[in-house]
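Below is one structure, written out as structure tokens; comments come after it.
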Amino acid sequence: DTGVSQDPRHKITKRGQNVTFRCDPISEHNRLYWYRQTLGQGPEFLTYFQNEAQLEKSRLLSDRFSAERPKGSFSTLEIQRTEQGDSAMYLCASSLGDISYEQYFGPGTRLTVT
Amino acid sequence: GDSVTQMEGPVTLSEEAFLTINCTYTATGYPSLFWYVQYPGEGLQLLLKATKADDKGSNKGFEATYRKETTSFHLEKGSVQVSDSAVYFCALGSWESQGNLIFGKGTKLSVKP
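For the protein sequence lines, the chains are A and B, in the order given.
Just so you know, the working numbering puts 1 at position 1 of the first sequence, and the rest follows in order with no gaps.
All you need for the working numbering is the position in the second sequence, starting with 1, plus 1000.
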């Protein structure tokens, strides 16, 4: 068990560019969550997958954001036409199932939009 | 909607002092409650949890009791160490929210030797 990994750890991009982040969950975990954390705030839920199905999306997830989890393994989060307000830490978590199970968090990807 | 409010930091304590970090919640259903900890440069880790009223979660000397009557889940430790310096997040999750966690803003704890 190598834990949840995220790549890259840091990303600096210019406004208007597209960025993509990757999350590799713990291998046997069927649930995968994306959260966003801004400075001085707690993480805020963005979306989650049960296997390959995306089951819920937060209102924070504008149409510039898209997430996928092909084959129910790793997941990608893409942000198109980035804005300065997208600057944040993007966290991925995985779990064996519903609320009964612990969510294990990755180290996060820190995005800076200049 | 559901929400979590925790005391603002930063909190600075001397080693071996008693720690309390207050957390209250608002929820329409019957949530599970969690404390997560984030050490410098690391990801969030689950510290303890409680799934129903009057449950006490405990780990590494930290404790928190799920109080439905006061909608609270305060974190306590009798004697803090320098290694406890971190940011602590209170969170709730429920069947209604499909397990997505709702976090407080976090409380930064610094423990001085």
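Note that CB positions come from ideal geometry on N, CA and C, so glycine has one too.
Only a predicted model underlies this, so the values are computations on that prediction, with no experimental measurement involved.
Under the three-state reduction of DSSP, D7 (chain A) is assigned to strand. Three or more beta-carbon pairs separated by less than 8 Å are not found between the segment 1028-1040 of chain B and the segment 46-60 of chain A, which leaves the two stretches without contact. Interface with chain A (8 Å Cβ-Cβ cutoff): E1015 (chain B) is excluded. Going by C-alpha positions, Q41 (chain A) is about 13 Å away from L91 (chain A). Counting the other CB atoms within 10 Å of its CB gives T112 (chain A) a total below 16, which places it among the exposed residues. Taking 8 Å as the CB threshold, I26 (chain A) stays off the interface with chain B. By the Cβ neighbour-count rule, S1003 (chain B) is exposed, with fewer than 16 other Cβ atoms within 10 Å of its own. Contact residues of the segment 1037-1049 of chain B toward chain A are E1042, G1043, L1044, Q1045, L1046 and K1049 (C-beta to C-beta distance below 8 Å).
Against P107 (chain A), the close residues of chain B are E1042 and G1043, in the order they occur along the chain (beta-carbon pairs closer than 8 Å). Counting along the chain, M89 (chain A) sits inside the beta strand (DSSP E) bounded by residues A88 to S95.
Per DSSP, the beta-bridge partners of S1058 (chain B) are B:E1063. Residues of the same chain with a CB within less than 8 Å of the CB of N1059 (chain B), apart from the 5 flanking positions on each side, are L1047 and L1048 in chain order. Relative to A88 (chain A), the option among A:S94, A:Y104 and A:I79 whose CA is nearest is A:I79. Looking at the DSSP output, T1026 (chain B) sits in a beta bridge with B:S1003. Residue state for V1080 (chain B) is assigned as coil, using DSSP reduced to three classes. In the three-state reduction of the DSSP assignment, Q54 (chain A) falls in the strand class, which pools E and B.
Distance check between I1021 (chain B) and each of B:W1095, B:E1069 and B:G1104 places B:G1104 closest, using alpha-carbon atoms only. With a contact defined as Cβ atoms closer than 8 Å, T47 (chain A) and A67 (chain A) qualify at about 5 Å.
Counted as a single uninterrupted DSSP element, the beta strand (DSSP E) harbouring D24 (chain A) occupies residues V19 to D24. In the three-state DSSP reduction, Q1098 (chain B) falls in the coil class, being neither helix nor strand.
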